[in-house]
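Visitor: Numbering (this note's numbering), first residue to last: 13 to 354.
Positions of the beta carbon are idealized from the N, C-alpha and C atoms, including for glycine.
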Ligand code: SF4
């Protein structure tokens with residue numbers, strides 16, 4: 013198994029040429045199918061294409077291995093022999109710790125500790141680890157087209173795009189964003205089938221998870237937590253660690269609020285009781301992960317696999333791409349105010 017640091021060694025070099033086309037690659041089935049078909053249809057200009065994976069630093073090691081496999085495959089296309097998948101991981105904006113232990117800078121709870129990303133609002137770590145890194149890159153190059161791997165059956169994630177006729181072709185556009193899977197009418201299932209037809213192996217994480225995201229993501233369900241407990245006990249220990257840290261911060265928040273005489277109810281991992289129904293619909297686990305671990309240890313096995321992470325509909329990701337493509341910063345700001353997050 014290739015280790016993260018070993019694999020990163022070849023990726024750290026800064027791209028030095030002029031790039032005009034940019035593929036946002038996650039290692040998931042949809043963006044892999046999009047990338048391969050774009051290559052097959054010769055839509056990526058040789059020497060001017062940047063394929064980018066934004067690393068949250070909380071990825072499973074199998075993801076790196078898989079990206080390495082795909083990189084090798086890309087290099088079999090004529091002209092793409094030296095093409096790299098660039099990893100974005102320079103957190104000169106802020107680290108996870110800075111954000112987690114940092115204080116809210118606006119909204120009604122300004123000054124309170126931030127803790128884990130909230131379940132019902134866009135995730136600050138999506139923005140810091142993915143969006144801002146992509147922003148930085150976009151500023152460096154005269155990017156004409158950004159390819160996003162959203163399947164046609166994920167309508168809400170490309171709702172702001174329009175269909176435009178360019179010459180004989182119809183394109184689904186949103187600023188400089190392109191949604192090739194929508195143009196090709198490819199559903200998530202068809203992406204899997206396409207990869208099978210092209211003899212591209214699936215990301216092994218899909219054997220156990222329905223979606224891919226940070227392993228400590230609070231927006232995951234019981235069955236993905238079960239899988240992590242079963243297969244990656246050291247990562248489950250990290251999940252427990254972050255929940256405990258989060259609770260400490262929430263106690264500190266409560267203490268400060270009492271001192272400031274505007275007490276709000278303490279909520280341990282989840283932030284507001286009246287959101288419970290919404291959490292249930294999101295299928296996020298909002299209980300104590302240590303207690304859950306004890307249940308697992310005494311034989312409890314959740315029945316259904318549930319989604320995990322960004323790609324399960326976190327609006328942060330959707331808005332991230334909208335921001336990237338056509339400056340919907342204002343809408344993002346508006347929602348930030350609405351949801352009282354930063
Ligand atoms: S996987 Fe979860 S914690 Fe990670 S960036 Fe996405 S929403 Fe945030």
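How is residue 31 classed by DSSP in three states: helix, strand or coil?
Guide: The residue given as residue 31 occupies position 19 in the chain shown. Correct three-state label for residue 31: coil.
Visitor: Just to confirm, are residue 160 and residue 32 a CB contact at a threshold of 8 Å?
Guide: As a first step, residue 160 is located in the chain shown; it is residue number 148 there, counting from the start. As a first step, residue 32 is located in the chain shown; it is residue number 20 there, counting from the start. Against a cut-off of 8 Å, the Cβ pair of residue 32 and residue 160 comes out as no contact.
Visitor: Given the structure, does residue 1 come close to the ligand SF4, in the sense that its CB is under 7 Å from one of the ligand's heavy atoms?
Guide: A query on residue 1 cannot be resolved here, the shown segment of the chain reaching from 13 to 354 and no further.
Visitor: Report the rounded CA-to-CA distance for residue 41 versus residue 267, giving the unit in angstroms.
Guide: Indexing the chain shown from 1 puts residue 41 at position 29. Indexing the chain shown from 1 puts residue 267 at position 255. One C-alpha to the other measures close to 46 Å.
Visitor: Measuring straight from C-alpha to C-alpha, what distance separates residue 115 and residue 121?
Guide: The residue labelled residue 115 in the question sits at position 103 within the chain shown. The residue labelled residue 121 in the question sits at position 109 within the chain shown. Computed Cα separation, rounded: 9 Å.
Visitor: Helix, strand or coil: which one does DSSP assign to residue 234?
Guide: Working through the chain shown from its first residue, we reach residue 234 at position 222. In the structure shown, residue 234 sits in a helix (DSSP, three-state: H, G or I).
Visitor: Got a sec: does the ligand SF4 put a non-hydrogen atom nearer than 7 Å to the Cβ of residue 231?
Guide: Walking along the chain shown from the start, residue 231 turns up at place 219. True, at least one ligand heavy atom lies under 7 Å from that Cβ.
Visitor: Going by the C-beta, is residue 108 closer than 7 Å to any heavy atom of the ligand SF4?
Guide: Locating residue 108 in the chain shown gives position 96, where the first residue counts as 1. Checking every heavy atom of the ligand SF4 against the Cβ of residue 108, none is found closer than 7 Å.
Visitor: Spatial neighbours of residue 39 within its chain, please: C-beta separation below 7 Å, excluding the five flanking residues on both sides.
Guide: Residue numbering aside, residue 39 sits at position 27 when the chain shown is read from its first letter. Contacts found: 65, 75, 78, 79, 215, 224.
Visitor: Using 8 Å as the Cβ pair cut-off and three pairs as the minimum, do the segment 296-316 and the segment 233-248 touch?
Guide: Yes, the segment 296-316 touches the segment 233-248.
Visitor: Are there any heavy atoms of the ligand SF4 lying less than 7 Å away from the beta-carbon of residue 137, as far as the coordinates show?
Guide: Working through the chain shown from its first residue, we reach residue 137 at position 125. Because some heavy atom of the ligand SF4 lies under 7 Å away, the Cβ of residue 137 counts as near it: yes.
Visitor: Kindly give me the distance between the Cβ atoms of residue 146 and residue 43, rounded to whole angstroms, as I take these residues to be in contact under 8 Å.
Guide: Position 134 of the chain shown, counting from 1, holds the residue named residue 146. Position 31 of the chain shown, counting from 1, holds the residue named residue 43. Actually they are not in contact, since the Cβ atoms of residue 146 and residue 43 sit about 13 Å apart, beyond 8 Å.
Visitor: Within the present structure, is the beta-carbon of residue 163 separated from the nearest heavy atom of the ligand SF4 by less than 7 Å?
Guide: Residue mapping note: residue 163 aligns to position 151 of the chain shown, counting from 1. Incorrect: residue 163 has no Cβ contact closer than 7 Å to the ligand SF4.
Visitor: To which residues of the same chain is residue 92 closer than 6 Å at the C-beta, ignoring the five residues directly before and after it?
Guide: Within the chain shown, the letter at position 80 stands for residue 92. 86, listed in sequence order.
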